[in-house]
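Undergrad: Submitted below is the structure of interest, expressed as structure tokens.
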Amino acid sequence: MNTPQFISHIRKDTSGKIIAIQSNEEHCCNVAKLAQTFADEFGMGDFGYVMGILHDKGKEKHEFQEYIQDVNGIPGHKQWTQEGKAHAYVGGLIAKESYPYLYPILSYPIVGHHSGLDDYFPSEGLSGLKNKISLKLPSEILKDKIETKLDIPQFLSGLSPSEYSHIIRMLFSCLKDADCLDTERFMNYKSYCSRTQNKTPLAELLPLLEDYLTNLSKTAKTSDVNKTRKLIQEYCRDKSVRKKGFYGLTVPTGGGKTLSSLLWAMLHAKEHNLKRIIIAIPYTSIIVQTARILKSIFGEENVLEYHCNFDIEQIKDEEQMERMTLAMDNWDFPIIVTTNVQLFESMFSSKCSDCRKLHNIVNSVIILDEVQTLPIPFLNPIVNALKTYQSLFGISILFTTASQPILCGKHKSLANYTLDGIDFNEWDEIVPDSELLHDKLRRVELAFDEYVSSYDEIAERITKHKVVLCIVNSKKDAREIYNRLPHEGITIHLSRWMYSEHIAASIEIIRIALKNKYPVVRVVSTQLVEAGVDFDFPVVFRQEAGLDSILQAAGRCNREGKQKMGTTYVFRLESLMVKGHLAKTINAFRMCKDSVEDWFSPEAMKKYFKNLYLNSNFDEKQIEKQSKYSKNEGTLVVNFDTMHRLFKLINDKDVKIVILMPDILPLIDEVKGKGFISHTDIKQLSRYSVGVSKIDFEILRSEGLIKEIMPNSNLYVTTSTSQYNTNIGLLFENVELQETYII
């Protein structure tokens, strides 16, 4: 076997014998061509090619060649150090020398292709891009002349630093995926083939949806609701041929927006030759429900379900399971159902594993479901990211909801914070307001209490109804009301003090009970059932909240129009002082009371969000300020790692407690036996975990109610199965809990 001058990868057989060596020149050329193909999708193929050629030039270092031969058992190669084997910075140095006017765009991805994107200056223990590309180029590096001439494409002129940060991250994605794919092709050709075989183009899936809708129409009863659903679908067909851009589908609950939005997306993708559809949803309960529908239409092999609660091992076909597992790396799939957190945090991440998938968002359709849940403190960076992805990366975005927030135009808060929204001329509402969908789909009336009620009074009012849903703002309120109800028939409590498997099972019990018309079905829940869960109750009680939450709750009332008019009662509770975001939403709702005649009208929602924006900061973590032009440095400065740490949509202050249940005892014993916790273990355990505040965690720990699964694992489990109640979830002994509002 001929050993190349510079080795990139060494492949061994199962016995440890070396069977193949990939030269660094071959690897870099392969990566360059693949990265060029990816970046061609948005007009920067030459940049992708140059990055690929340069990314592993550092492997020509003597110490790296010593390292790779030493760790692969080739004798006589021991002269290397941990610091000396570092190689990614070398390509960044060469890029700076070869393209001094473009180097940040090239150097950030090249330098970060193993460790992730750096801040420009040192931070959090990282040396920073500036320091890395100020190092001396090792003398043994062959400085081949790069023939590719790079000019800034015309469409990049005049962009903001924030827009450039997304371009750099996208190029990073192209390079990282290309590097991983070529390495996989050489090291594990079987896995590489699993990725590429049996791919179904998105356009070929459209007939499956058409057949499904045709069959659904044949079996649907003639009703005003079904007529309106058909009208919405016709609008989706008509508007699907329009240009790529921003679209809104504002449909009251029960209007069939899931299938209508999918129809629009499939037809729009066919019209513009787009590659995939990405559906982002705020709640895992809705994702599971949506994924189930999509898999029934298109087949499990064409739908990638990507969220923390998805158990890949439930797929019985081993080849299909491997293909799905591989697709989770880079989203190379026709239809993806994921969370808002996965989508948006990847757009602002610095990590290789998060960013690798980004280039597969290019030339795709994104459906943002329940868009009213987008967190206002992150609204500016989110909207600006979507504008960049639309204008530079050729995507179309469909915002779907029953409660459309204001995302167009500029809006200033009282504290002078500005939301820089989408241009009104760039937004196309699929169903015009003139269709008065809120009238055609009106099945509920709202009744507002003008007085404050106690837990006992609300429980008494609920008990007067046999089939009723009550939604409250906190876990404590849900438990207090539930405990006051007579436990007859189907009486269920739902909150995040229950682990996810328990919640899912309880929701299924409620569905079955409603479908089979059980005589008594009473449910008390936090807002986790407020959107996307297709309950149909004749009566709903909703604790006072924001107007969007109230209308979402009303959407669980008389959903299918089985009675002439359902009623949703909005009540106030005697409880602790409301703070934070919840207080702002309640105040914004109350400010509308004197000026709104029809709470279900689009005008009411606009007034509500205008009021809410008055007391909002649209970039609370100052994400936008992490990208800037520096006069002192004379270059673009982007703090990618800082941005990654700041952009967290979920409150990660809660501590996860694993609930000791008979089902997971074997897993806990297995973990203890092997002495470490794998990523798969964590994922399985998370299905039985509950989040508690740090204050509550410390109390539970001090009272001996929880313990570490293993020393230094930082993973805790309840000490007894009696610590968990099968009706209300995690139990706290002598603990006065401090509630936090959950977005």
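Using my numbering, you'd call the opening residue of the sequence shown number 744 and step up by one each time.
Note that CB positions come from ideal geometry on N, CA and C, so glycine has one too.
1) Considering only residues of the same chain and omitting the five flanking positions on each side of residue 1025, which have a CB-CB separation below 6 angstroms?
2) Could you give the C-beta distance for residue 1250 and residue 1028, rounded to a whole number, given that I count them as a contact under 8 angstroms?
3) Please state the DSSP three-state secondary structure of residue 1269.
4) Can you give me the C-alpha to C-alpha distance between residue 1283 and residue 1095, rounded to a whole angstrom?
5) Rounded to the nearest angstrom, what separates residue 750 and residue 888 at their Cα positions?
6) Can you check which of these residues, 1185, 1235, 1181, is closest to residue 1205 by C-alpha distance?
7) According to DSSP, simplified to helix, strand and coil, what is residue 1346?
8) Beta strand (DSSP E) containing residue 1154: first to last residue?
9) Taking 7 angstroms as the limit between beta carbons, can you name the residues of its chain near residue 765, skipping five residues before and five after?
10) Touching or not, the region 1001-1016 and the region 945-965, by the rule of three or more beta carbon pairs under 8 angstroms?
11) Thinking residue 1352 and residue 1120 are a contact (beta carbons under 8 angstroms), I'd like their distance in whole angstroms, please.
12) With a CB to CB cut of under 7 angstroms and the five nearest residues on each side skipped, what residues in its chain are close to residue 1075?
13) How about residue 853 and residue 918: are their beta carbons less than 9 angstroms apart?
14) What does the Cβ neighbour count give for residue 746, buried or exposed, with the cut at 16 atoms within 10 Å?
15) Just curious, the alpha helix (DSSP H) that residue 1288 is in, first and last residue?
16) Are the beta-carbon atoms belonging to residue 1280 and residue 1215 less than 9 angstroms from one another?
17) Does the distance from the CB of residue 1233 to the CB of residue 1252 come in under 9 angstroms?
18) Got a sec? Which residues, its chain only, sit under 8 angstroms from residue 900 by beta carbon, not counting five neighbours each side?
19) Are residue 1123 and residue 1361 close, meaning C-beta to C-beta below 9 angstroms?
20) Give me the Cα-Cα distance between residue 1329 and residue 801, rounded to the nearest whole angstrom.
21) By the three-class DSSP mapping on this structure, what secondary structure does residue 918 have?
22) Can you tell me whether residue 1465 is helix, strand or coil according to DSSP?
23) Could you tell me the boundaries of the beta strand (DSSP E) in which residue 1170 lies?
24) Starting from residue 750, follow its DSSP beta bridges and name the residues at the other end.
25) Can residue 1150 and residue 1138 be called in contact, C-beta distance under 9 angstroms?
26) Roughly how many angstroms lie between the CA atoms of residue 761 and residue 754, to the nearest whole one?
27) Going by beta carbon distance, what residues of the same chain come within less than 8 angstroms of residue 1440, once the five residues before and after it are set aside?
28) Can you give the Cα-Cα distance for residue 1391 and residue 756, rounded to whole angstroms?
29) For residue 1415, which residues of its own chain have a beta-carbon under 8 angstroms away from its beta-carbon, when the five flanking residues on both sides are left out?
30) Output yes or no for whether 9 angstroms exceeds the beta carbon distance between residue 1088 and residue 1197.
31) Residue 1189 and residue 1297 look like a contact to me (Cβ under 8 angstroms); what is the Cβ gap, rounded to whole Å?
32) Can you give the beta carbon distance from residue 732 to residue 1239, rounded, assuming they're within the 8 angstroms contact cut?
33) What does the alpha-carbon distance come out to for the pair residue 1290 and residue 1348?
34) Does the distance from the C-beta atom of residue 952 to that of residue 1040 stay below 9 angstroms?
35) Is residue 1254 near the ligand FAD, in the sense that its beta carbon is under 8 angstroms from a heavy atom of that ligand?
36) Under the DSSP definition of a beta bridge, which residues are partnered with residue 1451?
TA: A quick look at the data gives this:
1) Indexing the sequence shown from 1 puts residue 1025 at position 282. The residues are 1083, 1113, 1116.
2) In the sequence shown, the residue the question calls residue 1250 occupies position 507. In the sequence shown, the residue the question calls residue 1028 occupies position 285. Yes, residue 1250 and residue 1028 are in contact; Cβ-Cβ is about 7 angstroms, under 8 angstroms.
3) In the sequence shown, the residue the question calls residue 1269 occupies position 526. Of the three classes helix, strand and coil, the one that applies to residue 1269 here is coil, per DSSP.
4) What you label residue 1283 is simply residue 540 of the sequence shown in a count that begins at 1. What you label residue 1095 is simply residue 352 of the sequence shown in a count that begins at 1. Those two C-alpha atoms are separated by around 46 angstroms.
5) Here the question's residue 750 lines up with position 7 in the sequence shown. Here the question's residue 888 lines up with position 145 in the sequence shown. Distance between the alpha carbons of residue 750 and residue 888: 21 angstroms.
6) Within the sequence shown, numbered from 1, the residue matching residue 1205 stands at position 462. The shortest C-alpha separation from residue 1205 is found at 1235.
7) Reading the sequence shown from its first residue, position 603 is the one you call residue 1346. Helix, per DSSP.
8) Start at 1 with the first residue of the sequence shown, and residue 1154 comes out as number 411. Residues 1153-1155.
9) Here residue 765 refers to the residue found at position 22 of the sequence shown. So the qualifying residues of the chain are 751, 752, 929.
10) yes
11) Translated into positions along the sequence shown, residue 1352 becomes position 609. Translated into positions along the sequence shown, residue 1120 becomes position 377. Actually they do not touch by this definition, with Cβ atoms about 15 angstroms apart.
12) If you number the sequence shown from 1, residue 1075 lands on position 332. Here the set comprises 938, 1103.
13) Taking the first residue of the sequence shown as position 1, residue 853 is located at position 110. Taking the first residue of the sequence shown as position 1, residue 918 is located at position 175. Yes, these two residues count as a Cβ contact at 9 angstroms.
14) Locating residue 746 in the sequence shown gives position 3, where the first residue counts as 1. Looking at its Cβ environment, which holds fewer than 16 other Cβ atoms inside 10 Å, residue 746 is exposed.
15) For the purposes of this step, residue 1288 is taken as residue 545 along the sequence shown, with counting starting at 1. Note, residue 1288: premise wrong, no alpha helix (DSSP H); not H, not E.
16) Walking along the sequence shown from the start, residue 1280 turns up at place 537. Walking along the sequence shown from the start, residue 1215 turns up at place 472. No, the Cβ-Cβ distance between residue 1280 and residue 1215 is not below 9 angstroms.
17) On the sequence shown, position 490 is the one that residue 1233 refers to. On the sequence shown, position 509 is the one that residue 1252 refers to. Contact: yes.
18) Your numbering for residue 900 matches position 157 in the sequence shown. If we look at residue 900 and ignore the five residues flanking it on each side, it has no Cβ neighbours.
19) By 1-based counting over the sequence shown, the position of residue 1123 is 380. By 1-based counting over the sequence shown, the position of residue 1361 is 618. Yes, the pair counts as a contact, with Cβ atoms nearer than the cut-off.
20) The sequence position of residue 1329 within the sequence shown is 586, counting from 1. The sequence position of residue 801 within the sequence shown is 58, counting from 1. When rounded, the distance between both Cα atoms is 58 angstroms.
21) For the purposes of this step, residue 918 is taken as the residue at position 175 of the sequence shown. Note: residue 918 maps to helix in three-state DSSP.
22) Taking the first residue of the sequence shown as 1, we reach residue 1465 at position 722. Helix, per DSSP.
23) Translated into positions along the sequence shown, residue 1170 becomes position 427. Looking at the DSSP string, the run of the beta strand (DSSP E) that includes residue 1170 is 1170-1172.
24) Within the sequence shown, numbered from 1, the residue matching residue 750 stands at position 7. Answer by DSSP bridge pairing, in chain order: 766.
25) Numbered from its first residue, the sequence shown carries residue 1150 at position 407. Numbered from its first residue, the sequence shown carries residue 1138 at position 395. No, they are not a contact pair.
26) Taking the sequence shown and counting its residues from 1, one reaches residue 761 at position 18. Taking the sequence shown and counting its residues from 1, one reaches residue 754 at position 11. Straight-line Cα distance between these residues: approximately 6 angstroms.
27) Within the sequence shown, residue 1440 is the residue found at index 697, counting from 1. Only 1398, 1400, 1449, 1459 meet the Cβ criterion.
28) Locating residue 1391 in the sequence shown gives position 648, counting from the first residue. Locating residue 756 in the sequence shown gives position 13, counting from the first residue. Residue 1391 and residue 756: Cα-Cα distance of roughly 42 angstroms.
29) Start at 1 with the first residue of the sequence shown, and residue 1415 comes out as number 672. Excluding residues within five positions, the ones whose Cβ falls inside 8 angstroms are 1452, 1453.
30) Numbered from its first residue, the sequence shown carries residue 1088 at position 345. Numbered from its first residue, the sequence shown carries residue 1197 at position 454. Not closer than 9 angstroms, so no.
31) Against the sequence shown, residue 1189 aligns to sequence position 446. Against the sequence shown, residue 1297 aligns to sequence position 554. That belief holds up - the Cβ atoms of residue 1189 and residue 1297 are roughly 6 angstroms apart, short of 8 angstroms.
32) Coverage of the chain is limited to positions 744 through 1486, which leaves residue 732 absent and any answer about it impossible.
33) Locating residue 1290 in the sequence shown gives position 547, counting from the first residue. Locating residue 1348 in the sequence shown gives position 605, counting from the first residue. So the two alpha carbons sit approximately 7 angstroms from each other.
34) Here residue 952 is taken as the residue at index 209 of the sequence shown, counted from 1. Here residue 1040 is taken as the residue at index 297 of the sequence shown, counted from 1. Yes, the Cβ-Cβ distance between residue 952 and residue 1040 is below 9 angstroms.
35) The ligand FAD is absent from the structure shown, which contains no ligand whatsoever.
36) Within the sequence shown, the letter at position 708 stands for residue 1451. Its beta-bridge partners are 1459.
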